[in-house]
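Visitor: Got a structure here, written out as structure tokens. Questions coming.
Number of protein chains: 2
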Amino acid sequence: MTDSVVLDPVDLEILRLLQNDARTTYRDLAAQVGVAPSTCLDRVNRLRRGGVILGHALRVDPARLGRGLQALLSVQVRPHRRELVGPFVERIRALPEARTVFHVTGPDDYLVQVAVRDMADLQRLVLDEFTSRREVARVETRLIFQQWECGPLLPPRDPHGAPSAYQGDENP
Amino acid sequence: MTDSVVLDPVDLEILRLLQNDARTTYRDLAAQVGVAPSTCLDRVNRLRRGGVILGHALRVDPARLGRGLQALLSVQVRPHRRELVGPFVERIRALPEARTVFHVTGPDDYLVQVAVRDMADLQRLVLDEFTSRREVARVETRLIFQQWECGPLLPPRDPHGAPSAYQGDENP
DNA sequence: ATTGAAAAGAGCAGCGA
DNA sequence: TCGCTGCTCTTTTCAAT
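Each protein sequence line maps, in turn, to chains D and F.
At position 64 of the first sequence the residue is numbered 64 (full-length UniProt numbering), and the sequence of numbers has no breaks.
At position 32 of the second sequence the residue is numbered 32 (full-length UniProt numbering), and the sequence of numbers has no breaks.
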């Protein structure tokens with residue numbers, strides 16, 4: 001399914017450091033990991049090509065952009081068939097208010113994280129873009145008080161005490 | 001509350017481009033926006049100081065790290081008081097499986113996005129880290145089929161046809 | 001695969017307009 | 001506020017180990 005990706009401790013440490021600060025230079029990276037800068041570059045490029053690193057995203061403060069209110073909308077799309085949900089997702093993704101769309105199991109089909117200016121804006125969004133649609137059977141709105149990003153994503157530790165290096169799925 | 005932040009069309013275009021690829025050089029940025037590279041640097045630094053740009057995040061593929069299964073856990077914490085929820089959030093954030101924690105309105109207090117290896121791993125996580133805790137009154141697990149990040153975050157367009165530049169809250 | 005050194009390129013400050 | 005010039009640091013390449 002995925003390309004062969006083998007991550008040794010050097011790769012893991014680089015990933016961990018870059019997730020803490022994606023702008024760390026190869027020089028600093030090299031110093032902290034204990035290899036040459038050119039080796040770091042090589043590793044990072046390999047992680048890129050291997051699809052482990054998908055890209056670099058700018059973290060922006062929604063409040064400073066006039067979107068101080070965020071919410072999660074649980075949406076039921078009926079009937080839940082490809083010809084309906086495909087366009088639904090694309091339409092939602094195109095909304096300037098949308099941040100993330102989750103397709104999930106359970107009674108509600110989608111969870112949509114949105115960032116809006118204020119309550120009036122949220123009301124407008126829900127009414128105009130969700131409940132007014134025929135394929136949208138139900139919308140439940142939960143406001144987001146606060147949101148925390150968690151620590152760097154790392155491979156799970158092997159529960160059986162196997163070597164710490166993680167080996168991805170192979171597909172030669 | 002926030003510093004004075006005024007965003008003109010140049011700032012907005014820079015933000016839009018950087019959200020697509022945060023590693024775009026000032027030179028390329030300048031070429032696409034139509035100003036001098038030094039101006040781009042100046043603008044970006046201002047956006048940094050103004051708190052609009054919070055930092056740079058590395059986007060990583062969880063599946064390539066052996067965390068091919070993601071889920072959203074709705075968690076009810078009872079009693080929902082500061083002395084309980086503070087430590088709860090910190091404990092959850094420290095879990096290597098946790099990606100994002102939302103504090104939300106509604107019957108469930110928290111939404112926790114987790115990335116695990118497989119179903120057995122998810123079961124272990126729910127049982128050991130959530131339902132076994134006394135302050136956790138209820139956990140509802142929804143699996144994530146798929147997840148989409150949406151377009152760049154931009155200021156809302158003014159509904160009254162005012163100038164397109166967005167002016168943040170002032171506090172001189 | 002990793003390295004050090006050298007070349008190419010980008011970041012950054014100062015200055016003049 | 002903008003754009004130019006020049007210096008410094010980073011990134012990237014490459015031959016050798």
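For each residue, glycine too, the CB sits at the ideal point set by N, CA and C.
Taking all protein chains shown into account, decide if P172/F is buried (16 or more other Cβ within 10 angstroms of its Cβ) or exposed.
Guide: Its pLDDT being 31, under 50, P172/F is placed unreliably in this model, and the value from its coordinates should be taken loosely. The residue is exposed, with fewer than 16 neighbouring Cβ atoms inside 10 Å.
Visitor: Whole angstroms are fine: how far does the CA of T100/F sit from the CA of C150/D?
Guide: Answer to the nearest angstrom: the Cα atoms are 6 Å apart.
Visitor: What are the residues that DSSP puts in a beta bridge with S38/D?
Guide: Beta-bridge pairing links S38/D to no other residue.
Visitor: DSSP on R59/F, reduced to helix/strand/coil?
Guide: In the structure shown, R59/F sits in a strand (DSSP, three-state: E or B).
Visitor: Can you tell which of H56/F, H80/F and A94/F has its C-alpha closest to the C-alpha of H103/F?
Guide: If we check each option's Cα against that of H103/F, H80/F comes out closest.
Visitor: H103/D versus chain F: which residues are under 9 Å apart at the beta carbon?
Guide: By Cβ distance, chain F contributes I144, F145, Q146, Q147 and W148.
Visitor: Looking at the structure shown, is L84/D part of a helix, part of a strand, or coil, going by DSSP?
Guide: Here L84/D sits in helix by DSSP.
Visitor: Taking only beta carbons into account, state which residues of the stretch 46-58 of chain F come closer than 8 Å to chain D, listed in chain order.
Guide: Of all residues in the stretch 46-58 of chain F, G50, G51, V52, I53, L54, G55, H56, A57 and L58 have a Cβ within less than 8 Å of some Cβ in chain D.
Visitor: Work out the CA separation of Q19/D and E129/F for me, nearest whole Å.
Guide: About 24 Å.
Visitor: Excluding the 5 residues flanking A98/F on each side, which residues of the same chain have their C-beta closer than 7 Å to its C-beta?
Guide: Closer than 7 Å at the Cβ level, and outside the excluded window around A98/F, lie I92, V112 and V114.
Visitor: Residues in its own chain within less than 8 Å of T105/D by CB, not counting five upstream and five downstream?
Guide: Counting only Cβ-Cβ distances below 8 Å, and skipping sequence neighbours, we find nothing.
Visitor: Between which residues of its own chain and D108/F is the CB-CB distance below 6 Å, once the five residues before and five after are set aside?
Guide: Hits under 6 Å: S74 and Q76.
Visitor: Relative to the C-alpha of V116/D, which residue among R48/F, L154/F and Q123/F is closest?
Guide: Considering only alpha carbons, the answer is L154/F.
Visitor: Which word fits V5/D, buried or exposed, when buried means at least 16 other C-beta atoms lie within 10 angstroms of its C-beta?
Guide: Label assigned to V5/D: buried.
Visitor: Using the beta-carbon of each residue, which ones in chain D are nearer than 8 Å to L72/F?
Guide: Simply F102, V104 and L111.
Visitor: Note down, in chain order, all residues in the stretch 111-125 of chain F with a beta-carbon under 8 Å from any beta-carbon belonging to chain D.
Guide: The residues in question are L111, A115, V116, R117 and D121.
Visitor: Taking the straight line between their C-alpha atoms, what separation do you get for A31/F and P37/F?
Guide: The straight-line gap from Cα to Cα measures roughly 8 Å.
Visitor: Apart from the five residues on each side of it in sequence, which residues of its chain come closer than 6 Å, Cβ to Cβ, to L47/D?
Guide: Answer for L47/D: I53, listed in chain order.
Visitor: On the DSSP bridge assignment, give the partners of T100/F in chain order.
Guide: Note: T100/F sits in a beta bridge opposite E149/D and Q113/F.
Visitor: Mind listing the chain F neighbours of V89/D? Cutoff is C-beta to C-beta under 8 Å, in chain order.
Guide: Those within 8 Å of V89/D in chain F are W148.
Visitor: For R67/F, does the count of other Cβ atoms within 10 angstroms reach 16, so buried, or fall short, so exposed?
Guide: The residue is buried, with at least 16 neighbouring Cβ atoms inside 10 Å.
Visitor: If the criterion is Cβ atoms closer than 7 Å, does the pair D126/D and V139/D meet it?
Guide: Checking the displayed sequence, the identity of residue 126/D turns out to be Val instead of Asp. Yes.
Visitor: At which residues does the beta strand (DSSP E) containing V5/D begin and terminate?
Guide: First-last for V5/D: undefined, no H or E at that position.
Visitor: Assign G168/F to buried or exposed, taking buried as 16 or more other Cβ atoms, counted over all protein chains shown, within 10 Å of its Cβ.
Guide: With a pLDDT of 49 at G168/F, under the threshold of 50, the modelled position of this residue cannot be trusted, and the question is left open.
Visitor: In this structure, what does DSSP give as the bridge partners for R64/D?
Guide: According to DSSP, which records beta bridges pairwise, R64/D is partnered with nothing at all.
Visitor: Taking D21/F as the query, report the chain D residues whose CB atoms sit under 8 Å from its CB, ordered along the chain.
Guide: The answer, in chain order, is G55 and H56.
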